[in-house]
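Participant: Once you've had a glance at the structure underneath, I'll fire off some questions.
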Amino acid sequence: MYKTKELRDLMIKVDRKDFCPPNRNPYHDYSVMLENCSYLNSPSFVKFDMYKTKELRDLMIKVDRKDFCPPNRNPYHDYSVMLENCSYLNSPSFIASSLEPALLKLKPGDTVLDVGTGSGYTAACLGYMVRPHGKVYSLDHMEYLVNFSKENIRKNHAHLLDEGVVNIMRK
Numbered sequence: 724m725y726k727t728k729e730l731r732d733l734m735i736k737v738d739r740k741d742f743c744p745p746n747r748n749p750y751h752d753y754s755v756m757l758e759n760c761s762y763l764n765s766p767s768f769v770k771f772d773m774y775k776t777k778e779l780r781d782l783m784i785k786v787d788r789k790d791f792c793p794p795n796r797n798p799y800h801d802y803s804v805m806l807e808n809c810s811y812l813n814s815p816s817f818i819a820s821s822l823e824p825a826l827l828k829l830k831p832g833d834t835v836l837d838v839g840t841g842s843g844y845t846a847a848c849l850g851y852m853v854r855p856h857g858k859v860y861s862l863d864h865m866e867y868l869v870n871f872s873k874e875n876i877r878k879n880h881a882h883l884l885d886e887g888v889v890n891i892m893r894k
């Protein structure tokens with residue numbers, strides 16, 4: 724069930740019952756809706772080794788999720804977080820599963836289109852994959868999210884915006 728001893732130990736240490744609403748069984752294999760339309764992922768989704776490569780692990784550590792998560796939420800728990808108007812910062816395991824194929828295919832100098840900027844987390848990760856001469860064009864239809872994502876990226880990754888590697892636009 725667990726690919727590594729470290730993952731097994733982590734899943735035991737972080738007990739799902741601490742995050743599950745009282746009216747739901749925390750040990751059944753289904754996602755649970757939390758407050759504000761956010762979700763606690765199912766145990767089978769979380770149990771896979773989220774970091775399949777050292778490069779992915781290093782990238783997701785470099786782009787710290789806390790810079791993109793609202794201040795009242797724990798950025799390191801494996802659940803999606805609602806931002807505003809039912810937009811989400813996806814769970815770390817979901818983001819890892821999305822970035823893995825991109826990490827294998829993208830190279831410095833490539834151009835990427837990211838539709839649905841959200842918090843800006845994915846755009847920042849993609850920016851590191853295509854630097855120094857690549858471009859990420861990230862689009863969102865909500866002005867709030869365009870501004871929110873730029874603010875988040877500027878916290879610790881402003882050079883991605885300043886160098887023109889990451890371009891966030893409203894469309």
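Each residue of the sequence shown is one higher than the last, beginning at 724 in the numbering used here. Glycine included, C-beta positions come from ideal geometry on N, C-alpha and C.
Mind checking which residues open and close the beta strand (DSSP E) that includes S861?
Facilitator: It spans K858 to D863 - the beta strand (DSSP E) in which S861 sits, taken as one unbroken run.
Participant: Can you tell me which of P798, R788 and C809 puts its alpha carbon nearest to the alpha carbon of L868?
Facilitator: Of P798, R788 and C809, the residue nearest in Cα terms is C809.
Participant: Cα separation between L782 and E886?
Facilitator: For L782 and E886, the distance between alpha carbons rounds to 19 angstroms.
Participant: What is the DSSP secondary structure of N875, counted as helix, strand or coil?
Facilitator: Of the three classes helix, strand and coil, the one that applies to N875 here is helix, per DSSP.
Participant: Return the Cβ separation of L779 and L826 in integer angstroms, given the expectation that the two are a contact with Cβ distance under 8 angstroms.
Facilitator: Their Cβ separation, rounded to whole angstroms, is 6 angstroms, which keeps L779 and L826 in contact under 8 angstroms.
Participant: Measure the alpha-carbon distance for V835 versus N795 and round it to whole angstroms.
Facilitator: Between V835 and N795, the C-alpha separation is close to 31 angstroms.
Participant: So, helix, strand or coil for T776, using DSSP?
Facilitator: If DSSP states are grouped into helix, strand and coil, T776 belongs with coil.
Participant: Would you kindly check if the distance between the Cβ of A846 and the Cβ of S861 is under 9 angstroms?
Facilitator: Result yes, Cβ atoms of S861 and A846 sit closer than 9 angstroms.
Participant: What separation, rounded to the nearest whole angstrom, lies between the Cα atoms of D863 and G843?
Facilitator: Those two C-alpha atoms are separated by around 10 angstroms.
Participant: Tell me whether L836 sits in a helix, a strand or coil according to DSSP, three-state version.
Facilitator: Strand.
Participant: What did DSSP end up calling N900 once you bin it into helix, strand or coil?
Facilitator: In the structure as shown, the chain begins at 724 and stops at 894. Residue 900 is therefore absent and cannot be evaluated.
Participant: Quick check on DSSP: helix, strand or coil for V853?
Facilitator: Reduced to three states, the DSSP call for V853 is helix.
Participant: What does DSSP give as the partner residue(s) for L782 in the beta ladder?
Facilitator: L782 is not bridged to any residue.
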